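Enquirer: Under mature numbering (1 follows the signal peptide of the UniProt record, and there is no 0), the residues of the sequence shown are numbered -24 to -1, 1 to 343, in order. Where is the CB? At the ideal position from N, CA and C, for every residue including glycine. Model, not experiment: these values are computed from the prediction. Questions regarding the structure given below will be posed in turn.
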Amino acid sequence: MKASTTSLWITSLILMLASAAVNSCPPSDRAALLAFKAALHEPYLGIFNSWKGIDCCHKWYGISCDPLTKRVADINLRGESEDPIFENPHKTGYMNGTISPSICKLQRLSSIIIADWKGISGTIPKCITSLPYLRILDLIGNQISGEIPFDIGKLTRLSVLNIADNRITGRMPRSIANLSSLMHLDLRNNRISGTIPINFGKLRMLSRALLSGNRIYGKIPYTISYIYRLSDLDLSLNRISGSIPASIGKMAVLATLNLDGNNITGSIPVTLLNSSISILNLSRNAIEGNIPNVFGPRSYFTVIDLSYNKLKGAIPKSIASASYIGHLDLSHNHLCGAIPAGSWFDHLEASSFVYNDCLCGKPLKPC
Ligand SMILES: *[C@@H]1O[C@H](CO)[C@@H](O)[C@H](O)[C@H]1NC(C)=O
Ligand SMILES: *[C@@H]1O[C@H](CO)[C@@H](O)[C@H](O)[C@H]1NC(C)=O
Ligand SMILES: *[C@@H]1O[C@H](CO)[C@@H](O)[C@H](O)[C@H]1NC(C)=O
Ligand SMILES: *[C@@H]1O[C@H](CO)[C@@H](O)[C@H](O)[C@H]1NC(C)=O
Ligand SMILES: *[C@@H]1O[C@H](CO)[C@@H](O)[C@H](O)[C@H]1NC(C)=O
């Protein structure tokens, strides 16, 4: 009798302790956050002043927890924000230091947003690939260096990978193609080299692939056209060579294609000008041949920039039948012949046509 009372008492004590623990964040999560904070230095806003007390789920700036488990779920620290802590809405934050590997102890993390602090350096902690619930990794606008962890592909729930505007080097790891939930990939303005992995087309959920401003070389893999949700492909300002795969023009929802500032050769695939694309920038490459004569009343472009290439022949007559072309730049090529006349085409300025071999007619000199 006495023994069972004691065990009942012990059981209820355990339950009490357990429920108390569930009402605030686990001490191990709190310790991991404090170690994370210790590696950073934020001199102006004092965001970390709120990181005090036992319960890291309660009013710690930028931290939110799962309401049931009380495990830390989100780190959301933005150096450019509408948050009232910034007082003046256009004031921007600054932080330096590094991202401590201690965040990998926060095993339930679903998002890590440490964006636009300008001064955070060091590398992306390798252990980040062991966070099974991670959906968002956004480290844009810092000075992070080193490589993308080679086994990033383990993050099968990751839907946003944004490490733009940093100093990332190395190649895109092959495993990146295993990010089967990835929708938004932004690696712009880093120092990433190597080629686009041949299996990149496995990223079937991808809708934006922004790789501009790196040192990526090699060909555009034709498998990119298997990504049927892709709406925005930006490979501009790299060292890409080879020709444009014709299959890109057959992609169902591709709306923006920026390939400018590379070393692309070959001719413009016919499909590209008769496609869902409305922003097309192929400027500053080594593209040859004629401009395909495939425009029609269904052609609707916000931008066609083909300037600084090696295009020859005449401007196709069908271009005047396009329903809309907002910005056209054919300058700095080897085009020749009469500039087509008609409807919207008559409003274009000379700058759209200058520096060609022998174009003539309005708005240039009469033929
Ligand atoms: C961060 O910047 C401060 C000056 O604002 C400097 O004293 C400190 O050494 C820097 N810390 C790191 C880790 O770079
Ligand atoms: C991608 O995932 C598959 C299946 O889990 C695995 O066998 C393969 O090694 C992974 N590829 C890379 C490059 O990590
Ligand atoms: C096209 O790309 C070139 C080279 O990167 C750039 O200078 C130009 O502004 C772009 N054109 C448009 C219309 O954005
Ligand atoms: C562009 O490609 C051509 C032919 O492959 C090569 O000779 C040239 O060096 C390349 N230019 C640049 C800037 O990479
Ligand atoms: C343009 O594409 C449509 C289908 O998307 C096709 O029916 C049409 O023939 C093509 N036009 C030209 C000139 O290739």
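Considering only residues of the same chain and omitting the five flanking positions on each side of residue 395, which have a CB-CB separation below 8 angstroms?
Expert: The requested residue 395 does not occur in the structure, where the chain is confined to residues -24 to 343.
Enquirer: Should N72 be counted as a contact of ligand 1 given a C-beta to heavy atom distance under 6 angstroms?
Expert: yes
Enquirer: Does the separation of the CB atoms of S169 and R191 fall below 7 angstroms?
Expert: yes
Enquirer: Do you know offhand how far T74's Cα is from F12's?
Expert: 9 angstroms
Enquirer: Would you mind listing the beta strand (DSSP E) stretches within the region 9 to 79 that are 3+ residues and don't spill past its ends, in chain order?
Expert: 39 to 41, 48 to 54, 71 to 74
Enquirer: Cβ-heavy atom distance between V279 and ligand 3 below 6 angstroms?
Expert: yes
Enquirer: List the DSSP bridge partners of V279.
Expert: I255, H303
Enquirer: Candidates T68, I39, S76, K81: which alpha carbon is nearest D5's?
Expert: K81
Enquirer: Going by alpha carbons, who is nearest to G272 out of I89, V330, T247?
Expert: Of the listed residues, the one whose Cα sits closest to G272 is T247.
Enquirer: Can you tell me which residues form a DSSP beta bridge with E123?
Expert: Under DSSP, E123 takes part in a beta bridge, and its partners are T145.
Enquirer: Does the beta-carbon of N25 have 16 or more other beta-carbons within 10 angstroms, so that it is buried, or is it exposed?
Expert: Around the beta carbon of N25, fewer than 16 other beta carbons sit within 10 angstroms, so the residue counts as exposed.
Enquirer: Distance, Cα to Cα, C103 vs H34?
Expert: 27 angstroms
Enquirer: Comparing alpha-carbon positions, which option in R147, N175, I172, D141 lies nearest N165?
Expert: D141
Enquirer: Would you say the beta carbon of G237 is closer than 6 angstroms to some non-hydrogen atom of ligand 3?
Expert: yes
Enquirer: By how many angstroms is the C-alpha of L209 removed from the C-alpha of F321?
Expert: Looking at the two C-alpha atoms, the distance is approximately 28 angstroms.
Enquirer: Using three-state DSSP, classify M(-24) as helix, strand or coil.
Expert: The pLDDT assigned to M(-24) is 38, lower than 50, so where the model puts this residue is not dependable; a value taken from the coordinates is nonetheless given after this. It is coil, neither helix nor strand.
Enquirer: If you compare alpha carbons, which of Y276, A317, N234, T45 is closest to S283?
Expert: Answer by Cα proximity: N234.
Enquirer: Would the beta-carbon of P268 fall within 7 angstroms of that of I244?
Expert: yes
Enquirer: Hey, is N250 close to ligand 5, as in C-beta under 6 angstroms from one of its heavy atoms?
Expert: Under cutoff, so the answer is yes.
Enquirer: Under 5 angstroms, CB to any heavy atom of ligand 2. Which residues pass, going along the chain?
Expert: G129, R150, S151, N154
Enquirer: Identify whether P339 lies in helix, strand or coil by the three-state DSSP scheme.
Expert: coil
Enquirer: If you run the structure through DSSP and keep just helix, strand and coil, what is D333?
Expert: D333 falls in the coil class under three-state DSSP.
Enquirer: Let me know the secondary structure DSSP gives I88 once reduced to three states.
Expert: strand
Enquirer: Residue range of the beta strand (DSSP E) that A314 falls in?
Expert: That run of the beta strand (DSSP E) goes 310 to 314.
Enquirer: May I have the straight-line CA-CA distance separating S259 from I240, to the nearest angstrom?
Expert: 10 angstroms
Enquirer: Is V270 near ligand 5, in the sense that its beta carbon is under 6 angstroms from a heavy atom of that ligand?
Expert: Within the cutoff, so yes.
Enquirer: Enumerate in chain order the residues of its own chain whose CB-to-CB distance from residue 344 is below 8 angstroms, with the five nearest sequence positions on each side excluded.
Expert: Outside the modelled stretch of the chain, which goes from -24 to 343, sits residue 344, for which no answer is possible.
Enquirer: Sorted by chain position, which residues of the same chain lie with C-beta nearer than 8 angstroms to L255's C-beta, five sequence neighbours on each side aside?
Expert: In the sequence as displayed, the identity of residue 255 is Ile instead of Leu. Excluding positions up to five away in sequence, the list reads A231, T232, L233, N234, F277, T278, V279.
Enquirer: Cβ of P101 within 6 angstroms of any heavy atom in ligand 6?
Expert: This structure lacks ligand 6; the ligands present are ligand 1, ligand 2, ligand 3, ligand 4 and ligand 5.
Enquirer: When you compare only the Cα positions, how much space is there between R205 and V229?
Expert: 6 angstroms
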